[in-house]
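Before any comments, here is the structure.
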Amino acid sequence: MFLVKIGGSVITNKSKYRVFREKKTSEIIDNLSKTGEPFALVHGGGSFGHLKAKEYSLPGPLTKESATGFSIVHRDMVDLSQKVVKIMVRTGLNGISIPPAFTITGDSLRTDIFQDYFDRGFIPVTFGDTYIRNNRVEIISGDDLVLQLAAKLKPDHVIFLTDVDGIYDRNPKKYRDAILLRSLAVEAKFEMHGTDVTGGMENKVRVMKKISELGATVYLLNGNISSRLHEIGTDRFIGTVIK
Ligand code: ATP
Ligand code: IP8
C-alpha cells in the first residue's frame with residue numbers, strides 16, 4: 006500500500022489565506038487512483054493552517070485568544086479536508102476524513118480507527134490539526150501524523166508531495182544552483198516558509214528518515230507534476246528516495 010502526504014504547498018497557495026488549488030488536487034487524486042494501489046492520505050495545512058496559527062501564536066498556552074485561534078484553524082482544516090474528500094468521492098474513491106483533534110490522546114493518534122476503515126475498503130484521510138493537551142493549544146503537523154500512521158499501517162511506500170522536485174542540498178526556491186539529491190547521502194540545508202509553524206522541510210526530512218527505519222521506502226516528489234507518481238520504482242523517477 007501507499008501512504009501519501011499531500012503538502013499544503015501543493016493543494017493551497019501558501020501565501021494567500023484559504024486559497025485552495027482544486028485542479029492540482031484533482032490531478033493528484035486522479036493519478037493516485039490510476040496507480041491501482043490501495044492508499045491512505047494525509048494532507049498539510051498550507052494557507053488553511055499556518056497563517057492563522059501564526060496570527061494566534063499557536064502552539065501556545067490555552068487563553069481566550071488562543072482558544073479563538075484553535076477554533077478558526079480547526080474549522081479551516083476540516084473545511085480543506087472536506088474539499089479533498091469531495092474530489093475523492095467525485096473520482097469514485099470512498100474517502101473519509103478523520104480529524105486528529107477528535108482522536109489524539111496525549112500526542113498520539115488513535116491509529117486503530119484508520120486501520121479499521123482501511124480494512125473495510127475506505128480511504129482514510131487526515132491532516133495537520135490543532136488539539137488541546139493539558140492547558141495548551143498544540144499543533145500536530147501532517148508529517149508527524151504520517152510517521153504515526155506508517156508505524157500502524159505498515160505501507161510499502163510512503164510518498165511526500167510538495168511544490169519542489171525533491172530534497173536539494175539547499176532551498177531551491179532561493180538558490181538557483183541548488184542540487185537535487187536523488188538519495189540522502191550528503192548533508193542538506195533547510196529553510197522554512199516564513200509563515201510555517203511546524204518545522205518545514207527540516208522536520209519533514211527528520212520524519213522521512215524515521216519512516217525508512219520502519220522498513221518503508223520513502224519518496225519526496227513534485228505534486229505539481231503528479232504524473233511522476235507512475236514512475237516510482239523506475240529509472241525515470243524524478244525525486245528523492247530514502248531506503
Ligand atoms: P505544509 O506544511 O503546508 O503541508 P509542505 O509539506 O507542502 O507544506 P513545506 O513545508 O512548505 O511543504 O516544504 C516545501 C518547501 O521547502 C519548498 O517550497 C522549498 O522552498 C522548501 N525548502 C527549504 N529547504 C529545502 C531543501 N533543502 N530542499 C527542498 N526544499 C526545501
Ligand atoms: O502543514 C500543520 O500541518 P502541516 C497544519 O503538515 C496546521 O505541517 C494546522 C498548521
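Each residue of the sequence shown is one higher than the one before, counting from 6 in this note's numbering. Glycine included, each C-beta is placed from N, C-alpha and C at the ideal position. All of these numbers come straight from a predicted model, not from anything done at the bench.
Item	Value
Simplified DSSP state of ALA45, which is helix, strand or coil	strand
Heavy atom of the ligand IP8 within 7 Å of GLY144 beta-carbon	Checking the displayed sequence, the identity of residue 144 turns out to be Ile instead of Gly. The answer is yes for ILE144.
ARG233 burial status per 10 Å Cβ neighbour count (16 or more: buried)	buried
Neighbourhood of LEU67 by C-beta, 7 Å cutoff - its chain only, sequence neighbours within 5 removed	ILE137, ASN140, ARG141 and VAL142
Cβ separation of MET213 and VAL223, assumed to be a contact under 8 Å, to the nearest whole Å	5 Å
Start-end ranges of the beta strand (DSSP E) lying completely within the segment 54 to 109, minimum 3 residues	100 to 102
Any non-hydrogen atom of the ligand ATP closer than 7 Å to ILE34 Cβ	no
Three-state class that DSSP yields for HIS235 in the structure shown	helix
6 Å CB neighbourhood of HIS79 in its chain, flanking five on each side removed	ALA106 and THR135
Heavy atom of the ligand ATP within 7 Å of PRO105 beta-carbon	no
Cβ shell of LYS88 (< 6 Å), same chain only, five flanking positions each side left out	PHE25
Nearest-angstrom Cβ-Cβ length linking LYS59 and THR167, presumed shorter than 8 Å	Wrong, their Cβ atoms sit about 19 Å apart, outside the cutoff.
Sub-8 Å separation of TYR180 and ALA193 beta-carbons	no
Cut-off 8 Å between Cβ atoms - residues of its own chain near THR116, not counting five sequence neighbours on either side	GLN153, LEU154, ALA156, LYS157 and LEU158
Buried or exposed by the 16-neighbour rule on C-beta atoms within 10 Å, applied to HIS55	buried
beta-carbon ALA72 near the ligand ATP non-hydrogen atom, thresh 7 Å	no
Helix, strand or coil at ILE164 according to DSSP, with G and I counted as helix	strand
Helix, strand or coil at ARG125 according to DSSP, with G and I counted as helix	coil
beta-carbon ASP148 near the ligand IP8 non-hydrogen atom, thresh 7 Å	yes
Burial state of ILE184 (16 or more Cβ within 10 Å)	exposed
Continuous beta strand (DSSP E) stretch holding ASN208: start and end	Counting along the chain, ASN208 falls outside any beta strand (DSSP E), though it belongs to the alpha helix (DSSP H) covering 205 to 218.
Short Cβ contact (8 Å threshold) for PHE165 with LYS10	yes
Close-in-space but distant-in-sequence residues of the same chain around GLY244 (CB under 6 Å, 5 per side omitted)	GLY171, TYR224, LEU225 and LEU226
Helix, strand or coil at ASP148 [DSSP, three-state]	helix
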